[in-house]
Structures are given as C-alpha cells and as structure tokens.
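J.: In the working numbering, the protein residues as written are 3 to 187.
Positions of the beta carbon are idealized from the N, C-alpha and C atoms, including for glycine.
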Amino acid sequence: MREGQKIYFRGEGDQQPGLEPGDVIIVLQLKYHEKFQRSGDDLVMTHTLSLTEALCGFSLVVKHLDGRDLLVNHPTGQIVKPGTIKGIAGEGMPHYKNPFEKGNLYIKFDVTFPDNHFTSETKLQELESILPPRPQVTLPPLEDLEEVDLQEYDPNERRNDGARGEAYDDDEMPFAGPGVQCTHQ
C-alpha cells in the first residue's frame with residue numbers, strides 16, 4: 003500500500019432507516035518511524051557497528067514493526083565496510099492484496115572508529131601486524147618533495163593558516179570562477 007492510497011468500504015457509512023448508507027473511505031498516510039523508512043514494499047534501516055563488530059562479526063536483534071524480534075547474525079571473517087547495505091528477504095511490508103508476500107528489509111551499516119590514542123603504541127603495532135599491509139608509497143626525488151602536515155578540517159570555518167597566494171584572493175570569494183577574458187577583434 004502506498005502513501006495517499008484510498009481504501010473503500012462500500013455501504014459501510016452512516017446507516018439510518020430508510021436511507022442508503024454511504025461509503026467509508028480511508029486515505030493512508032505514512033507515519034514517521036525513528037528506525038525504519040519505507041521504500042515501496044521494502045523497509046530500510048541504518049545500524050551503527052563498532053569497528054570490532056565490522057571486522058570480527060556481530061549479532062544484532064531488530065525489533066520489527068509487527069513486534070517480532072529478529073536475530074541477525076553476521077559471521078566472523080566477513081567484513082562490513084561503512085555504507086554496506088545487506089538485506090533480509092521477506093521482512094519488509096506486506097504486498098497490497100497479497101499480505102503473505104512481503105518486501106525486503108535492508109540494513110545500511112555505519113561503522114564507528116575508536117577515538118585517537120585509544121590504545122598504546124605497542125598494541126597498535128600488534129594490530130598492524132595482523133591487518134593487511136599498508137600500501138607502499140613511492141617518493142619522488144627529494145628536491146621535488148615538500149612535507150606538509152594533515153590537520154582537522156571544518157568546512158564551516160574558513161582558515162588561511164599557512165595558505166599561499168593571498169595576492170590572488172578575490173575579495174574573500176573562494177572559487178569565484180574565471181577571471182579576465184580575452185576580447186574578440
């Protein structure tokens with residue numbers, strides 16, 4: 003069933019002796035739910051995993067709209083990356099006029115990472131020893147190499163710390179577009 007769909011109950015309206023009863027018409031409105039969103043007959047939800055769960059497997063209990071508790075298991079060795087979407091067949095919304103067939107339930111996974119300095123250097127070295135190796139970095143000749151520091155970035159805060167080229171700034175208008183154009187003769 004869809005948002006705005008009408009359900010008619012013919013002859014079920016107000017009934018009075020000697021008068022033909024009217025119809026009852028119900029117009030469906032989608033109700034907000036804090037966990038599930040509807041997409042046709044499918045349900046979609048988001049769940050946040052810890053990094054440990056994403057790497058090492060997890061169990062999750064989902065309280066379904068119909069009151070059932072669904073135990074979702076994800077095995078060790080199958081990594082869940084941020085943004086991964088997995089589905090459970092037949093756990094969505096019932097199909098219109100065929101309530102025994104249902105859409106699917108999709109779970110989109112977010113992954114939280116630990117805070118900075120969450121463990122010791124020794125433990126981090128142990129962790130690195132069991133993870134796949136880092137990619138090798140090929141450095142250009144040293145005379146062409148400039149080392150810079152990576153810093154936190156807040157898109158709402160405009161900073162010029164260490165920025166070069168202030169002479170080229172155009173009245174505080176970043177990405178202002180093309181400058182002077184050539185004239186045609």
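If I'm right that I81 touches A56 with Cβ under 8 Å, what's the distance once you round it to whole angstroms?
T.: Contact flag correct, Cβ pair sits at about 6 Å.
J.: In this structure, how does DSSP classify L62 when only helix, strand and coil are distinguished?
T.: Strand at L62.
J.: Is it true that the stretch 46–61 meets the stretch 109–122, where meeting means three or more beta-carbon pairs spaced less than 8 Å apart?
T.: In short, these stretches touch, since the Cβ pair count reaches three.
J.: By the 10 Å Cβ neighbour count, where 16 or more other Cβ atoms means buried, how is I132 classified, buried or exposed?
T.: Exposed is the call here.
J.: Do you know whose CA, among L30, P84 and G89, lies nearest N75's CA?
T.: For N75, the nearest C-alpha among the options comes from G89.
J.: So T65 and I87 are in contact, right, with Cβ under 8 Å, and what is the actual spacing, rounded?
T.: Before going on, a small fix: residue 65 reads as Lys here, not Thr. In fact, because the Cβ distance is near 20 Å, the residues do not count as touching under 8 Å.
J.: So, is L1 buried or exposed, given that buried needs 16 or more other C-beta atoms within 10 angstroms?
T.: As shown, the chain starts at 3 and ends at 187. That puts residue 1 outside it, with no answer to give.
J.: If you run the structure through DSSP and keep just helix, strand and coil, what is K2?
T.: In the structure displayed, the chain extends from 3 to 187; residue 2 sits before or after that span and is not available.
J.: Looking at E128 and L107, is the spacing between their C-beta atoms short of 9 Å?
T.: No.
J.: From the beta carbon of Q80, is the nearest beta carbon of chain D less than 9 Å away?
T.: Absent here is chain D; the protein component of the structure consists of one chain.
J.: Under a three-way DSSP split, which group does E145 fall into?
T.: E145 falls in the helix class under three-state DSSP.
J.: Work out the CA separation of P135 and E148 for me, nearest whole Å.
T.: Their backbone Cα atoms lie some 25 Å apart in a straight line.
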